[in-house]
Amino acid sequence: MLSGKGFKRLITIDHHITKEENLHPEATGEFTSLLNDLTLAVRIISREVRRAGLNDILGWTNTTNIHGEIRQKLDTYANEILKKAMSQGGHVCAFATEEDDEVTIVSSDKKSKYIILFDPLDGSSNINVNITIGTIFGIYKKLDIDKKVCESSDVLQRGRNLVAAGYALYGSSTLLVYSTGNGVNAFTYDPTIGEFLLSKSNMKIPQFGRQYSTNEGNAFFWDEKVKNFVDYLKTPNQDKRFPYDLRYIGTLIADMHRLLNYGGIYLYPANQKHPHGKLRLIYEVNPLVYILEQSGGIATDGKNRILDILPQQIHQRTPLFMGSPEEMALLNKFLNNTQTHN
Ligand code: AFP
Numbered sequence: 025m026l027s028g029k030g031f032k033r034l035i036t037i038d039h040h041i042t043k044e045e046n047l048h049p050e051a052t053g054e055f056t057s058l059l060n061d062l063t064l065a066v067r068i069i070s071r072e073v074r075r076a077g078l079n080d081i082l083g084w085t086n087t088t089n090i091h092g093e094i095r096q097k098l099d100t101y102a103n104e105i106l107k108k109a110m111s112q113g114g115h116v117c118a119f120a121t122e123e124d125d126e127v128t129i130v131s132s133d134k135k136s137k138y139i140i141l142f143d144p145l146d147g148s149s150n151i152n153v154n155i156t157i158g159t160i161f162g163i164y165k166k167l168d169i170d171k172k173v174c175e176s177s178d179v180l181q182r183g184r185n186l187v188a189a190g191y192a193l194y195g196s197s198t199l200l201v202y203s204t205g206n207g208v209n210a211f212t213y214d215p216t217i218g219e220f221l222l223s224k225s226n227m228k229i230p231q232f233g234r235q236y237s238t239n240e241g242n243a244f245f246w247d248e249k250v251k252n253f254v255d256y257l258k259t260p261n262q263d264k265r266f267p268y269d270l271r272y273i274g275t276l277i278a279d280m281h282r283l284l285n286y287g288g289i290y291l292y293p294a295n296q297k298h299p300h301g302k303l304r305l306i307y308e309v310n311p312l313v314y315i316l317e318q319s320g321g322i323a324t325d326g327k328n329r330i331l332d333i334l335p336q337q338i339h340q341r342t343p344l345f346m347g348s349p350e351e352m353a354l355l356n357k358f359l360n361n362t363q364t365h366n
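In the numbering used here, the protein residues as written are 25 to 366.
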């Protein structure tokens with residue numbers, strides 16, 4: 025039985041969103057309403073994920089997405105729910121999702137000033153085996169709010185222009201983590217009352233950790249500097265932190281959430297199989313990196329800050345290195361050849 029001690033104060037996500045919007049005197053309430061629509065979609069997806077084995081929603085559809093991956097039924101379901109929820113309030117002018125080939129223009133009303141990008145269900149390969157999956161979202165404003173229709177430049181903005189981002193994790197409980205640029209807060213879903221309650225406020229990534237996270241099955245195809253860096257993490261030295269533990273779930277959000285809590289480093293470098301990296305920049309990587317930076321972490325593609333990259337197309341991929349300040353500084357030494365390991 026939950027004692028209630030875990031929740032310092034009973035703050036619902038709706039209350040928190042309203043409180044944050046009130047920090048901006050010019051706010052109209054539209055953003056609050058937008059986030060409320062989003063959390064409604066997350067509640068519905070969470071319900072279906074929890075019942076997935078019971079109501080024939082597990083398994084594959086007969087279709088593939090733009091990436092050539094066979095769609096899971098739950099992927100398609102989550103995509104449809106999010107699109108429905110995000111289209112109904114009149115605040116969204118366009119959205120792009122991992123599952124759709126093209127951008128969808130939702131409204132050409134001047135009032136509709138937000139652009140939403142989402143990965144409806146990250147970690148598809150884990151769906152059928154009951155391992156944590158999640159939803160990622162990022163929200164931008166139209167570059168020129170006086171213009172009616174969104175243009176491709178509105179959708180393809182740098183991650184640093186995000187006005188909010190977050191993720192829902194369908195794990196041992198459903199957790200929603202989000203930021204509007206004022207720190208990172210996590211809310212745990214209580215299904216008996218249908219509310220997300222604040223469970224961690226102002227989350228900060230540790231300065232360093234002792235875990236690395238990567239698909240090491242690709243190591244053969246990595247650049248020598250990256251191989252060298254990972255070998256270094258795995259080798260004991262005078263520093264008790266070494267050797268590092270390997271932790272890899274294969275659901276980016278789950279790996280990122282562990283990183284946020286325990287520190288260390290996550291890497292998905294470019295390799296010969298994926299010369300431009302595997303992870304999708306605008307709806308997968310940017311929102312997570314926005315959260316990570318808000319918590320004090322650092323993320324690059326090996327050269328550039330992720331949030332400074334100007335996307336050229338919606339399904340663009342990127343290499344990704346993200347983590348605590350100390351591991352990222354160490355990685356840079358290896359990438360710049362100022363440290364090696366033999
Ligand atoms: P989707 O399931 O949304 O397509 O994303 C999967 C993913 O992008 C990410 O969630 C994983 O961490 C990563 O791929 C796993 O890739 P590997 O299977 O190559 O390790």
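We treat Cβ as the ideally placed atom computed from N, Cα and C, and that holds for glycine. All of these numbers come straight from a predicted model, not from anything done at the bench.
Contacting residues, own chain, Cβ-Cβ under 7 Å from residue i (five flanking each side not counted)
{"i": "Q296", "result": "F245"}
{"i": "L303", "result": "L276, Y292, V309, R341, T342 and L344"}
{"i": "T56", "result": "I41, T42 and E45"}
{"i": "R184", "result": "L331 and D332"}
{"i": "I105", "result": "A65, I68 and I69"}
{"i": "L34", "result": "L221"}
{"i": "D214", "result": "L221"}
{"i": "A102", "result": "I69, P144, L145 and T159"}
{"i": "S132", "result": "K172 and V173"}
{"i": "S177", "result": "L167"}
{"i": "I37", "result": "T63, L200, F211 and F220"}
{"i": "D61", "result": "A109, M110, Q112 and G113"}
{"i": "G207", "result": "N226 and Q318"}
{"i": "R271", "result": "Q235, S237 and R282"}
Residue of the options minimising C-alpha distance to residue i
{"i": "L283", "options": "I169, C174, F345 and K43", "result": "F345"}
{"i": "G1", "options": "S223, C117, H39 and Y286", "result": "Any property of residue 1 remains undetermined from this structure, which presents the chain solely from 25 to 366."}
{"i": "T121", "options": "N361, I306 and D325", "result": "I306"}
{"i": "D269", "options": "D325, Y290 and K166", "result": "Y290"}
{"i": "G53", "options": "T128, I37, E72 and H115", "result": "H115"}
{"i": "L314", "options": "Y236, I37, S70 and G205", "result": "Here residue 314 turns out to be Tyr, not Leu, going by the sequence shown. Here the closest residue by C-alpha is G205."}
{"i": "D325", "options": "S319, Q318 and G301", "result": "G301"}
{"i": "N360", "options": "D247, R71, V187 and P267", "result": "D247"}
{"i": "G113", "options": "A102, Y101 and V130", "result": "V130"}
{"i": "S319", "options": "P267, P349, L355 and L59", "result": "P349"}
{"i": "V124", "options": "T362, E351 and Q337", "result": "The displayed chain sequence assigns Asp, not Val, to residue 124. For the residues T362, E351 and Q337, the minimum Cα distance to D124 belongs to Q337."}
{"i": "L145", "options": "V73, R329 and M352", "result": "V73"}
{"i": "I163", "options": "M110, D133, F211 and Y213", "result": "M110"}
{"i": "E317", "options": "G147, E126, L186 and S136", "result": "L186"}
{"i": "H281", "options": "Y236, S132, N252 and T364", "result": "Y236"}
{"i": "K165", "options": "C117, T156 and P267", "result": "C117"}
{"i": "V156", "options": "I273, E351 and H339", "result": "Sequence check: residue 156 is Thr here, not Val. Nearest of I273, E351 and H339 to T156, Cα basis: I273."}
{"i": "D279", "options": "I217, V179, N239 and T216", "result": "N239"}
{"i": "S136", "options": "T100, L58 and I217", "result": "L58"}
{"i": "G218", "options": "R71, L47 and H48", "result": "R71"}
{"i": "I169", "options": "S148, K134 and G147", "result": "K134"}
Cβ neighbours of residue i in the same chain (closer than 6 Å, five flanking residues each side left out)
{"i": "Y191", "result": "G158, I160, V201 and I277"}
{"i": "T128", "result": "F119"}
{"i": "N242", "result": "N295"}
{"i": "L334", "result": "R182"}
{"i": "A188", "result": "I163 and T204"}
{"i": "F253", "result": "L355 and F358"}
{"i": "M352", "result": "I322"}
{"i": "R329", "result": "none"}
{"i": "V250", "result": "P293"}
Residues near residue i in its chain [Cβ-Cβ closer than 8 Å; skip 5 each side]
{"i": "N209", "result": "H40, V201, Y202, S203, L222, K224, S225, N226 and M227"}
{"i": "K357", "result": "Q363"}
{"i": "L180", "result": "I306, L334, P335, Q336, Q337 and I338"}
{"i": "H365", "result": "N252, F253, D255, Y256, T259 and F358"}
Would you check if there are 3 or more beta carbon pairs closer than 8 Å linking the stretch 304-311 to the stretch 255-265? no
So, does the stretch 133-143 touch the stretch 260-275, judging by three or more C-beta pairs under 8 Å? no
Could you tell me whether the stretch 192-199 touches the stretch 227-242, using the rule of 3 or more Cβ pairs below 8 Å? no
So, do the stretch 170-177 and the stretch 146-158 have three or more beta carbon pairs nearer to each other than 8 Å? no
So within the stretch 237-280, which uninterrupted beta strand (DSSP E) runs reach at least 3 residues, ignoring any that extend past its ends? none
3 or more residues per run - each beta strand (DSSP E) lying fully within the stretch 182-209: 188-194 and 198-203
Go through the stretch 31-78 residue by residue and report every complete run of the beta strand (DSSP E) that reaches 3 residues or more, in order. none
Length at least 3, wholly inside the stretch 298-363: the beta strand (DSSP E) runs in chain order: 322-324 and 344-347
Entirely enclosed beta strand (DSSP E) segments - the stretch 91-124, minimum 3 residues: 94-96 and 116-121
With a floor of 3 residues, list each beta strand (DSSP E) that falls wholly inside the stretch 120-183, ordered by position along the chain. 138-146 and 157-165
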